[in-house]
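Input: a single structure, listed below in structure tokens.
Protein chains in written order, with our numbering: chain A, 1 to 261; chain B, 262 to 704.
And the structure:
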């Protein structure tokens, strides 16, 4: 059976094509100003990779912050529900799943079936999420993808406040004025984010395995800070940015199976 | 009226022209919101009870009810506004005055309040200040005096700020509930308030008039409890409808409200007999607790829950804008003046689950209320609703969550502001929560 899942996020749209429990196609692109169009393009790319067409797709599920704009969707699933489903699919021992995306950080607790039992979302500010790294990389005049490796070179930690992107930025500026080195400032940024995310997780209780997904999971600097903060090693599945889309595709598969009954 | 020769402590002198312009803009927007809320409530239930028609009309804060109050005022009656549920409305009624609650649910006026206090302050407070600044609220404007009970920090300073424009009577509430000295202290406050109301209205509160007022309250509580009982079973009324009925009590005529609520219950009884449910009986049953949600603008959470996909239904709440208004009767033993005053003191202090209280066991009464509701009303999930700046509710969350975790009932902490712009984000969260409640069926 072939199903499709889409995660239409604030920055990127991700699509996964699933055939009998195996990923056979995936594609992504910027959501941009016309998310529906971007989504259509990603779907056609993913199907092309899988050598399939839309008529092969039994059920299409969508998730993500722009889910209402998702084309083709037969049903929707919440971002947290999708994360739980895919997290446990990829890492069966996963009981805590952290999803750090561009604008939002989420943490959820799930059971062995991949059913979410509790969740928290960061407060109405992107300081714990990817957009924070982006803003800070601009302040440091380094490329976004260089932030992580740079931070690993830091010799010590200098605390900043990440209660808010704007205030965080002014803290970074004062570190610059104190002539702190770039690696140390980069580490300060990740430490501050990890602080925010770990206090979210502590509200749920830390239940291993802890799995980290979402685009920011690809950032080595954030991962190092979070591991230090939590005192454990988070598990990062392959393609962490596609986990939401995979969760939607898996949900589509269960729903299609249920419909067939 | 206040002596205007005294300089304002807080409120700025806003030019008349600006007041009128702002008032018109916000009033027009608000009337649209009231109409929209009601239209959506009608849409949610294709055969809404006939009796709701009355409450739809009374829900227009700029309509019939404020005209009635104006007419009574012109006949010489005093209007006594209040900001907290601790204000003893029976004493107001017994002095032949009209009690009306004046907390603001208008989002737009909270931005005006920002001119006086920082944005970190609770939006209920900022919005009430803003409403006063542009004379928006018919009930607040018509109030001849206000009772402000010093519960949270916001309320305490709000009464000072409103004191610039209105005669305001503060009531000191003890923070430790279960002690004899607290009750003694509060009883003195109640007695003092009785004297103040008598002096202000020129009407003596007699044994007879107080007994009558308490009986009015008793009948209202009885009607309200009947409505709540009906919400225990499979859903027979949308949560929003019941919540509107509940909240309208604070500005409506109490006797008429009771009749109309009984009529609604009669109608609902028939529906129960016919198993005529308002939504599928397996719709997740939600309880809301936390910061009060005032009509009309702050209706976004109940609207979201009952229009979400998957949909939920609110069957109970633990809020001072909701069930707490009428849940507890005044327990009078002997109808002597002393005994009635004692009963009023006890009812207002002991029955409250407001987080401004603590005791040896913390705010144990609130936990017990929640656990009892979960059990009796068969609640599947609790939404803990907090507006930014509402410190006491925010802080008590941890304890509530622990108590609910123990009985395996999911609770979600939803924080928001007096704004319409975050509805999208809230929807994501509410839908994820409702999906979680239905997950075992859906996946």
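Glycine included, each C-beta is placed from N, C-alpha and C at the ideal position. The structure presented is a predicted model; accordingly, all values stated were derived computationally and were not measured.
Residues that residue i contacts on chain A, provided the C-beta gap is smaller than 9 Å
{"i": "residue 546 of chain B", "result": "What residue 546 of chain B touches in chain A: nothing, since even the nearest Cβ is about 18 Å away."}
Within 8 Å, strictly: CB atoms of residue i and residue j
{"i": "residue 581 of chain B", "j": "residue 434 of chain B", "result": "no"}
{"i": "residue 320 of chain B", "j": "residue 518 of chain B", "result": "no"}
{"i": "residue 395 of chain B", "j": "residue 284 of chain B", "result": "yes"}
{"i": "residue 64 of chain A", "j": "residue 9 of chain A", "result": "yes"}
{"i": "residue 211 of chain A", "j": "residue 94 of chain A", "result": "yes"}
{"i": "residue 38 of chain A", "j": "residue 25 of chain A", "result": "no"}
{"i": "residue 140 of chain A", "j": "residue 182 of chain A", "result": "yes"}
{"i": "residue 46 of chain A", "j": "residue 15 of chain A", "result": "yes"}
{"i": "residue 212 of chain B", "j": "residue 664 of chain B", "result": "What is shown of chain B runs 262 to 704, which leaves residue 212 of chain B out entirely."}
{"i": "residue 230 of chain A", "j": "residue 199 of chain A", "result": "no"}
{"i": "residue 492 of chain B", "j": "residue 638 of chain B", "result": "yes"}
{"i": "residue 312 of chain B", "j": "residue 524 of chain B", "result": "yes"}
{"i": "residue 506 of chain B", "j": "residue 644 of chain B", "result": "no"}
{"i": "residue 615 of chain B", "j": "residue 552 of chain B", "result": "no"}
{"i": "residue 533 of chain B", "j": "residue 576 of chain B", "result": "no"}
{"i": "residue 573 of chain B", "j": "residue 695 of chain B", "result": "yes"}
{"i": "residue 262 of chain A", "j": "residue 18 of chain A", "result": "Residue 262 of chain A is absent from the model: chain A starts at 1 and stops at 261."}
{"i": "residue 253 of chain A", "j": "residue 54 of chain A", "result": "no"}
{"i": "residue 350 of chain B", "j": "residue 365 of chain B", "result": "no"}
Chain A contact residues for residue i, given Cβ-Cβ distances below 8 Å
{"i": "residue 416 of chain B", "result": "What residue 416 of chain B touches in chain A: nothing, since even the nearest Cβ is about 24 Å away."}
{"i": "residue 375 of chain B", "result": "By Cβ distance, chain A contributes nothing, its closest Cβ being about 17 Å from residue 375 of chain B, past 8 Å."}
{"i": "residue 671 of chain B", "result": "117 and 118"}
{"i": "residue 564 of chain B", "result": "In chain order: nothing, as chain A lies at least about 16 Å away."}
Cross-chain neighbours of residue i in chain B, by beta carbon under 8 Å
{"i": "residue 34 of chain A", "result": "Simply none; closest approach about 18 Å."}
{"i": "residue 7 of chain A", "result": "Neighbours of residue 7 of chain A on chain B: none; closest Cβ ~13 Å, over 8 Å."}
Integer Cβ distance of residue i from residue j, believed to fall under 8 Å
{"i": "residue 656 of chain B", "j": "residue 499 of chain B", "result": "Not really, about 32 Å apart at Cβ, beyond 8 Å."}
{"i": "residue 455 of chain B", "j": "residue 602 of chain B", "result": "7 Å"}
{"i": "residue 119 of chain A", "j": "residue 356 of chain B", "result": "About 51 Å separates the two Cβ atoms, so there is no contact after all."}
{"i": "residue 368 of chain B", "j": "residue 649 of chain B", "result": "Between residue 649 of chain B and residue 368 of chain B the Cβ distance is about 13 Å, and since that is not below 8 Å, they are no contact."}
{"i": "residue 359 of chain B", "j": "residue 377 of chain B", "result": "With a Cβ gap of about 28 Å, residue 359 of chain B and residue 377 of chain B do not count as contacting."}
{"i": "residue 42 of chain A", "j": "residue 27 of chain A", "result": "5 Å"}
{"i": "residue 511 of chain B", "j": "residue 586 of chain B", "result": "6 Å"}
{"i": "residue 158 of chain A", "j": "residue 194 of chain A", "result": "No, residue 158 of chain A and residue 194 of chain A are not in contact; Cβ-Cβ is about 14 Å, not under 8 Å."}
{"i": "residue 504 of chain B", "j": "residue 578 of chain B", "result": "7 Å"}
{"i": "residue 386 of chain B", "j": "residue 411 of chain B", "result": "Not confirmed; about 13 Å, so no contact."}
Residue i versus the options, residue with shortest Cα-Cα distance
{"i": "residue 774 of chain B", "options": "B:599, B:568, B:309 and B:674", "result": "Outside the shown range of chain B (262 to 704) lies residue 774 of chain B, about which nothing can therefore be said."}
{"i": "residue 115 of chain A", "options": "A:40, A:148 and A:77", "result": "A:77"}
{"i": "residue 291 of chain B", "options": "B:677, B:559, B:695 and B:684", "result": "B:559"}
{"i": "residue 136 of chain A", "options": "A:84, A:192 and A:100", "result": "A:192"}
{"i": "residue 700 of chain B", "options": "A:54, A:84, A:7 and A:62", "result": "A:84"}
{"i": "residue 278 of chain B", "options": "B:272, B:271 and B:286", "result": "B:286"}
{"i": "residue 213 of chain A", "options": "A:154, A:146 and A:130", "result": "A:130"}
{"i": "residue 310 of chain B", "options": "B:537, B:326, B:410 and B:628", "result": "B:537"}
{"i": "residue 323 of chain B", "options": "B:578, B:398 and B:382", "result": "B:398"}
{"i": "residue 108 of chain A", "options": "A:80, A:239, A:92 and A:100", "result": "A:80"}
{"i": "residue 264 of chain A", "options": "A:69, A:23 and A:59", "result": "This structure does not reach residue 264 of chain A, given that chain A is present from 1 up to 261, and the question cannot be answered."}
{"i": "residue 541 of chain B", "options": "B:306, B:275 and B:300", "result": "B:306"}
{"i": "residue 352 of chain B", "options": "B:452, B:495 and B:370", "result": "B:452"}
{"i": "residue 632 of chain B", "options": "B:354, B:509, B:667 and B:545", "result": "B:667"}
{"i": "residue 234 of chain A", "options": "A:168, A:122, A:255 and A:100", "result": "A:100"}
{"i": "residue 607 of chain B", "options": "B:471, B:421, B:440 and B:675", "result": "B:440"}
{"i": "residue 52 of chain A", "options": "A:23, A:73 and A:75", "result": "A:23"}
{"i": "residue 473 of chain B", "options": "B:416, B:516, B:431 and B:697", "result": "B:516"}
Residue i: contacting residues in chain A (beta-carbon distance under 7 Å)
{"i": "residue 692 of chain B", "result": "78"}
{"i": "residue 441 of chain B", "result": "Within chain A, no residue comes near residue 441 of chain B; the closest Cβ sits about 38 Å away, beyond 7 Å."}
Interface partners of residue i on chain B, CB under 7 Å
{"i": "residue 189 of chain A", "result": "Chain B residues near residue 189 of chain A: none, gap ~24 Å exceeds 7 Å."}
{"i": "residue 151 of chain A", "result": "Ordered by position in chain B, no residue passes the 7 Å Cβ test against residue 151 of chain A, which lies about 29 Å from the chain."}
Chain-ordered chain B contacts of residue i [CB-CB under 9 Å]
{"i": "residue 65 of chain A", "result": "685, 686 and 689"}
What residues in the stretch 593-616 of chain B bring their beta carbon closer than 9 Å to a beta carbon of chain A?
-> none
Interface residues of the stretch 284-317 of chain B facing chain A [CB-CB below 7 Å] | none
Between the stretch 548-559 of chain B and chain A, which residues of the former have a C-beta closer than 8 Å to a C-beta of the latter?
-> none
The stretch 508-521 of chain B: which residues have C-beta closer than 7 Å to a C-beta of chain E, in chain order?
-> Within the model displayed, chain E is absent; protein chains A and B are what it includes.
Of all the residues that make up the stretch 67-98 of chain A, which are near chain B by a beta-carbon distance shorter than 9 Å?
-> 67, 68, 76, 77, 78, 79, 80, 81, 84 and 85
Please name the residues in the stretch 197-211 of chain A whose beta-carbon is closer than 8 Å to at least one beta-carbon of chain B, in chain order.
-> none
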